[in-house]
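Residue numbers for the sequence shown follow the numbering used here, so the first one is 486 and each next one is one higher. Glycine included, every Cβ here is placed at the ideal spot set by N, Cα and C. Bear in mind the structure is a predicted one, so any value in this text is a computation, not a measurement.
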Amino acid sequence: MWTVKTLQLGYPGKTTHHGGLGWSTIGLARDGQRVVILDTGGFPARRNIVAGLAAEGLGVEDVTDLLLTHLHHDHCINWTLFSRATIYAETQELDWALSLPPGHLSVPEAVHPMAACPRLRRFAAGESVLPGIHSFPTPGHTPHHVAFALDGAPSTIFASDCAKNRVELTTGETDMTLDAAQSAASIARLKAEWAARPGCVLMPGHDVPMVLGADGVAQPMGHLAAGIDAWFGATLAEKTRFDLGR
Numbered sequence: 486m487w488t489v490k491t492l493q494l495g496y497p498g499k500t501t502h503h504g505g506l507g508w509s510t511i512g513l514a515r516d517g518q519r520v521v522i523l524d525t526g527g528f529p530a531r532r533n534i535v536a537g538l539a540a541e542g543l544g545v546e547d548v549t550d551l552l553l554t555h556l557h558h559d560h561c562i563n564w565t566l567f568s569r570a571t572i573y574a575e576t577q578e579l580d581w582a583l584s585l586p587p588g589h590l591s592v593p594e595a596v597h598p599m600a601a602c603p604r605l606r607r608f609a610a611g612e613s614v615l616p617g618i619h620s621f622p623t624p625g626h627t628p629h630h631v632a633f634a635l636d637g638a639p640s641t642i643f644a645s646d647c648a649k650n651r652v653e654l655t656t657g658e659t660d661m662t663l664d665a666a667q668s669a670a671s672i673a674r675l676k677a678e679w680a681a682r683p684g685c686v687l688m689p690g691h692d693v694p695m696v697l698g699a700d701g702v703a704q705p706m707g708h709l710a711a712g713i714d715a716w717f718g719a720t721l722a723e724k725t726r727f728d729l730g731r
């Protein structure tokens, strides 16, 4: 049985002038023996990862496994933080990422040393990756994106960018997908898997965790905490804070 927490909450937004925001959800799962990271976030998340693990009495060296839903930079780049962890990547997703030329807009060159790492384990969508953790295919956002269902009380579905936020989950319409029709079908499957697990917590890639209400509507758990500190004045003490929370 797995206990799942959030190391970093994703955020459902994009910048207007500075490219992708990339604030993505990172999960921490434990079963008493293994310590599992679900997606590794983007490069700026490193301090959050280290601090979040420390709050649980853990260090990066205690992480036994990394489970990657897909190979976009904001979900996989920090695999190098975990020098002892076994890395799990879906085999067709990895082959797709390796086929891309250097300088791709979303997939980092770091997938190449990952593929050569002796701790890498390939798996096929639909397989059980670890005891009590089952993968299922959710293509669209990337060609071979997967989600993970974790047994527990409650159970958890780590959906990542199959449904990045509450709007995509509710409407089936997606922003930033390689195949909108595939994404819609994957979200329908995701919702069916969710409904089949009463009390299950669903973790989107860029939003707060959610539960399914009795009316079949997604109910956010908690609030988004996000903000930006900026300096426009004459001294560092003059700080302007932009609160992006909801």
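| Asked | Found |
| --- | --- |
| Residues bridged to A703 [DSSP beta-bridge criterion] | L697 |
| Nearest neighbour of K490, chosen from R726, H502, P497 and D524 [CA to CA] | D524 |
| Pair within 7 Å by beta-carbon distance, P624 and S591 | no |
| Three CB pairs or more closer than 8 Å across the region 546-558 and the region 588-604 | yes |
| Top-ranked residue by Cα proximity to A600, from P622, Q577, E678 and L615 | Q577 |
| C-beta contact flag for L663 and A703 at 7 Å | no |
| Pairwise C-alpha distance: S584 and D700 | 44 Å |
| Contact under 7 Å by Cβ, I572 with R532 | no |
| Of the listed residues F643, L687 and P586, nearest to V521 (C-alpha basis) | F643 |
| Same chain, Cβ closer than 6 Å to G690, five either side skipped, listed in chain order | G495, S509, T510, S645, D646 and K649 |
| Three-state secondary structure (DSSP) of S568 | coil |
| Three-state secondary structure assigned by DSSP to E678 | helix |
| E575 versus H619 - alpha carbon distance | 12 Å |
| For L506, the nearest candidate out of L492, T725 and D692 (CA to CA) | D692 |
| Beta-carbon gap between G512 and M661 smaller than 7 Å | no |
| Counterpart residues of L635 in DSSP-defined beta bridges | I618 and T641 |
| Whole runs of the alpha helix (DSSP H) within the region 532-613, excluding any shorter than 4 residues | 558-561, 576-584 and 596-601 |
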